[in-house]
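Student: Residue numbers for the sequence shown follow full-length UniProt numbering, so the first one is 1 and each next one is one higher.
The beta-carbon is built from N, C-alpha and C at its ideal position, and this holds for glycine as well.
This structure is a prediction, so every number in the text was calculated from the model and none was measured.
Starting off with a structure, shown below.
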Amino acid sequence: MAFTVTSVKGAPTAAAGAPAGAPGSQTLARGLTALQAVAAAPGGLTIAAVAEHIGVHRTIASRLLSTLAQFRLVAKGEDGRYRSASGLAVLGASFDNNIRALCLPTLRALTEELGATVSLLIAEGDQQVAVAVIVPTHVPYQLSFQEGSRYRLDRGAAGVALLASMPPRSDERELVTLTRDRGWVITHGEIEPNTYGLAVPVPRDRPAPPTCINLISHREDVVERGRNAVVDAAHALAQILA
């Protein structure tokens, strides 16, 4: 999860090729890898680009993309490039009862109020995953990272807040215990040098995954000043998601 000073998603970064395995699972893996590549490319991808990305012949890439298009997960434009299609919106909306769409208005308002990047993260296994990343529009530059980014659960403000949403563990950091008691956490430089993070758990009932709001900034005063607003936003999201 690398922070940058741009709000534009870059080219696909997944490793080329599909995991080895039985023919059926390999075909599925290649298809999903192709889908991820197309979804991560706002300008679309040609058959040749997809073939190179997943390490297969163009004929195989063409068949994979045709199958994905049949399910309306991708669509071929007049320029010959494949882009995300409406089927992805349906799949995305099914994730955690459409959590991203439900939370966006609150997250956007918080971002613009504080002038800093705000994100919504959940715990998935031993990782933290960015479900939504919102950057401010009225500042000259901003930190950002890609939605879908993953990082270890035991580092960073968001990771601490997510762990604090779980039952106590005998080996947990003191900071996790403190966060569980007071309801927020601020860290510095745990994921990116010279970057401050503020995270607040969003109270949710099981089996919903642990969830938190995270704010990042190079400035300590920004996260300190934004603490109460982020706490209020977390409580608001808890009501929305209940």
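In this structure, how does DSSP classify L73 when only helix, strand and coil are distinguished?
Tutor: What you label residue 73 is simply residue 73 of the sequence shown in a count that begins at 1. Correct three-state label for L73: coil.
Student: Going by DSSP, name the residue or residues bridged to L121.
Tutor: Taking the sequence shown and counting its residues from 1, one reaches residue 121 at position 121. According to DSSP, L121 bridges with A130, C212.
Student: With burial defined as no fewer than 16 other Cβ atoms inside 10 Å of the residue's Cβ, what is the status of T190: buried or exposed?
Tutor: In the sequence shown, counting from the first residue as 1, residue 190 sits at position 190. It should be noted that the sequence gives Glu, not Thr, for residue 190. E190 comes out buried.
Student: Kindly indicate which residue of D205, T59, L107, T187 has the alpha-carbon position closest to the one of D232.
Tutor: As a working mapping, residue 232 is identified with position 232 in the sequence shown. The shortest C-alpha separation from D232 is found at L107.
Student: Can you tell me which residues form a DSSP beta bridge with I186?
Tutor: Here residue 186 is taken as the residue at index 186 of the sequence shown, counted from 1. I186 is bridged to L198.
Student: Closer than 8 Å is the cut-off here; do at least three beta carbon pairs connect the stretch 60-68 with the stretch 29-38?
Tutor: The stretch 60-68 is in contact with the stretch 29-38.
Student: Give a yes or no on whether the C-beta atoms belonging to Y82 and V90 are separated by under 7 Å.
Tutor: On the sequence shown, position 82 is the one that residue 82 refers to. On the sequence shown, position 90 is the one that residue 90 refers to. Result no, Cβ atoms of Y82 and V90 do not sit closer than 7 Å.
Student: Is S217 helix, strand or coil when you go by DSSP?
Tutor: Residue numbering aside, residue 217 sits at position 217 when the sequence shown is read from its first letter. The answer is strand: DSSP assigns S217 an E or B state.
Student: Identify, in the order they occur along the chain, each residue of the same chain with its Cβ nearer than 7 Å to the Cβ of E124, setting aside the five sequence neighbours on each side.
Tutor: Within the sequence shown, numbered from 1, the residue matching residue 124 stands at position 124. Taken in chain order, the residues that qualify are P209.
Student: Is it buried or exposed for A116, if we count other Cβ within 10 angstroms and need 16 for buried?
Tutor: On the sequence shown, position 116 is the one that residue 116 refers to. A116 comes out buried.
Student: What residue range does the beta strand (DSSP E) around R108 cover?
Tutor: Walking along the sequence shown from the start, residue 108 turns up at place 108. Element bounds for R108: not the beta strand (DSSP E) but the alpha helix (DSSP H), 99-114.
Student: Going straight from the alpha carbon of T195 to that of R58, what length do you get?
Tutor: Locating residue 195 in the sequence shown gives position 195, counting from the first residue. Locating residue 58 in the sequence shown gives position 58, counting from the first residue. Those two C-alpha atoms are separated by around 43 Å.
Student: Assign L178 to one of two classes, buried (16 or more other C-beta atoms within 10 Å of its C-beta) or exposed (fewer than that).
Tutor: Locating residue 178 in the sequence shown gives position 178, counting from the first residue. Classification of L178: exposed, given that the 10 Å Cβ count is below 16.
Student: Pick helix, strand or coil for L45, following the three-state DSSP scheme.
Tutor: For the purposes of this step, residue 45 is taken as the residue at position 45 of the sequence shown. L45: strand per DSSP, three-state reduction.
Student: Check this for me: beta carbons of L163 and V176, under 7 Å apart or not?
Tutor: One-based indexing of the sequence shown puts residue 163 at position 163. One-based indexing of the sequence shown puts residue 176 at position 176. Taking 7 Å as the Cβ cut-off, L163 and V176 qualify as a contacting pair.
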